[in-house]
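Quick note: the sequence shown uses numbering that gives the first Met the number 0, first residue 0, plus one each step.
In this text, a Cβ means the ideal position worked out from N, Cα and C, and glycines have one as well.
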Amino acid sequence: MSQQLASIFWGRLISQHESRLDPDQWQAIQAELQSQPAIIQGTCQRCGNQDLIYFDGLDTQGQPLSVSYCRQCIQLGRMSSQSKLYGLPPAKDPLGLAGKSYLTWQGSLSAEQGRAKEELLESLKDRGRPHMVHAVTGAGKTEMIFPLIDQVVSQGGRVAIVSPRVDVCLELYPRIQAAFSNLDLVVLHGAMTEPYRYTPILIATTHQMLRFKAAFDLMIVDEVDAFPYAGDPILHQAVQGALGLQGKLIYLTATPDKYLKKQVQNGQMTATILPARYHGYPLPEPDFHYIGPWEEEVKSGKKQGKLFQKLSSFLRHPGKKLIFMANIALAEQLYSLLTQMYPDLACVHAQDPERQDKVMALREGNVSALITTSILERGVTFENCHVYIVGADNRLFTSAALIQMSGRVGRKSNFPRGTLIYGHNGVSMAMWSARQQIKRMNRLARERGLLHE
0 MSQQLASIFW
10 GRLISQHESR
20 LDPDQWQAIQ
30 AELQSQPAII
40 QGTCQRCGNQ
50 DLIYFDGLDT
60 QGQPLSVSYC
70 RQCIQLGRMS
80 SQSKLYGLPP
90 AKDPLGLAGK
100 SYLTWQGSLS
110 AEQGRAKEEL
120 LESLKDRGRP
130 HMVHAVTGAG
140 KTEMIFPLID
150 QVVSQGGRVA
160 IVSPRVDVCL
170 ELYPRIQAAF
180 SNLDLVVLHG
190 AMTEPYRYTP
200 ILIATTHQML
210 RFKAAFDLMI
220 VDEVDAFPYA
230 GDPILHQAVQ
240 GALGLQGKLI
250 YLTATPDKYL
260 KKQVQNGQMT
270 ATILPARYHG
280 YPLPEPDFHY
290 IGPWEEEVKS
300 GKKQGKLFQK
310 LSSFLRHPGK
320 KLIFMANIAL
330 AEQLYSLLTQ
340 MYPDLACVHA
350 QDPERQDKVM
360 ALREGNVSAL
370 ITTSILERGV
380 TFENCHVYIV
390 GADNRLFTSA
400 ALIQMSGRVG
410 RKSNFPRGTL
420 IYGHNGVSMA
430 MWSARQQIKR
440 MNRLARERGL
450 LHE
């Protein structure tokens, strides 16, 4: 078996179709692969689903009536009782990378980033417990993990950096590639057309981990609190299943949920807290603007109401602007209303096929503002950015979501401040909680002497 063909299956569990091998290649390798049925006694071997509700074609005892398939992971391709999964054990340092450093990044870490880096490296000695980095938005989490990645790769290990959001993966990819410019990297997500190849560093959405088994020596989950990973046991199981038996799991987040906090309190997880941004300026704290029943204003196309007046003032700010909304239809209506006077706007949401192009247009200055849903609440950074959240009191906007949206402001050292407004028709508990958490982190940073204001 050639190493090139074998590498497609190292530490993976995939179907023949997912291998993308032509018939001759498949015939040359099939006999040497480990294989198993995709569904065994009512359990999907890819996602671990045992809930009969998520199977079609099983009786009440979990036995197939004819052909059964798992609906829990069908978005990755249909797995039926007639399907097989193939794989090979993970190879140890097949590229011969051990014994050398591969970090080509020439930047420097702040004192706080350096402290976090040391704690991360120390955490490698404790493989039994995950380690969480709770760092405010803009703290420079990505740069802190470079030495950690380098240490694992230089020991012949393999690293996966995963996130629930494809936008985050696409934002991470060029930064990681630039930091390890002599290493091959691949990014995996549902819309990719490039075939999979074995690389020492992999960037992927959490869903892609369903195709791996005990493959990685280091797994870094960025934005661990984000949908759909948060609260989805299948994705949690996918990450655990893709982690090697002696692998280390690292969580990165600016907004840890109650479950993560409880694990730290109970000693089941270690943690590093960074309350300040890398540039030493405080987190922007939101102003609350009452905009009344703004939805009626948008639907009627009125240009004299509170919302239109507030946004007209906001859009005159120099720099890049993000206007967040919870509802796609209302976002598109607001776009139609505003674009008559402000033609250099764009509207973007999760179903928009031009999403990446519009984000790039804002980054390059071809548009001055984006009206967006929460799809851009995390994983994107713009220089000199200002944020207006329309309907910040919407029940879909949790305190974590509001903190993430707020975190788009002031991230760059040359523009550490900016405008941050929560437009509302009544202050919600989530709004109040988000502002209190932002203030608490600023207070902690001041107490530690980390801010220059």
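- G113 carries a helical assignment under DSSP once its states are collapsed to helix, strand and coil.
- Judged by their CB atoms, T141 and G406 are not nearer to each other than the 7 Å cut-off.
- For R434, the secondary structure class from DSSP, reduced to helix, strand or coil, is helix.
- Where Q267 is concerned, there is no enclosing beta strand (DSSP E), because DSSP gives it neither an H nor an E.
- Annotation: A330 to D231 spans about 28 Å, alpha carbon to alpha carbon.
- For D216, the enclosing beta strand (DSSP E) starts and ends at 215-221.
- Per the coordinates, the alpha-carbon of R276 lies some 9 Å from the alpha-carbon of K411.
- In the DSSP assignment, T141 falls within the alpha helix (DSSP H) that extends over 140-153.
- In the DSSP annotation of this structure, the continuous segment of the alpha helix (DSSP H) that includes A237 starts and ends at 232-241.
- For W25, same chain residues with a beta-carbon under 8 Å away, outside a window of 5 residues either side, are Q15, S18 in chain order.
- Taking 8 Å as the upper bound for CB-CB distance, A349 and L395 are not in contact here, some 13 Å apart.
- Around the beta-carbon of S335, fewer than 16 other beta-carbon atoms lie within 10 Å, marking it exposed.
- For D286, there is no enclosing alpha helix (DSSP H); the residue is part of the beta strand (DSSP E) that begins and ends at 286-289.
- Contact check for W293 against L282 fails: the beta carbons are separated by 7 Å or more.
- Per DSSP, M131 is one residue of the beta strand (DSSP E) stretching across 130-134.
- Boundaries of the beta strand (DSSP E) around P36: 33-36.
- Straight through space, the alpha carbons of D256 and V379 are spaced by roughly 21 Å.
- Going by C-alpha positions, A229 is about 7 Å away from V223.
- Secondary structure at D392: coil, using DSSP grouped into helix, strand and coil.
- With 16 or more other Cβ atoms from the protein chains shown falling within 10 Å of its own Cβ, N393 counts as buried.
- Between the segment 170-187 and the segment 126-133, the count of Cβ pairs shorter than 8 Å is below three; the stretches do not touch.
- In this structure, the beta-carbon distance from D221 to L242 does not fall below 7 Å.
- Nearest C-alpha to V297 among L333, P285, P274: L333.
- With fewer than 16 neighbouring CB atoms inside 10 Å of its own CB, P227 falls in the exposed class.
- For the pair Y101 and V152, the CB atoms are nearer than the 7 Å cut-off.
- Assigned with DSSP and collapsed to three states, D356 falls in helix.
- Collapsing the DSSP output to three states places W293 in a helix.
- Put simply, of L443, A253, M208 the residue whose alpha carbon is nearest the alpha carbon of Q236 is M208.
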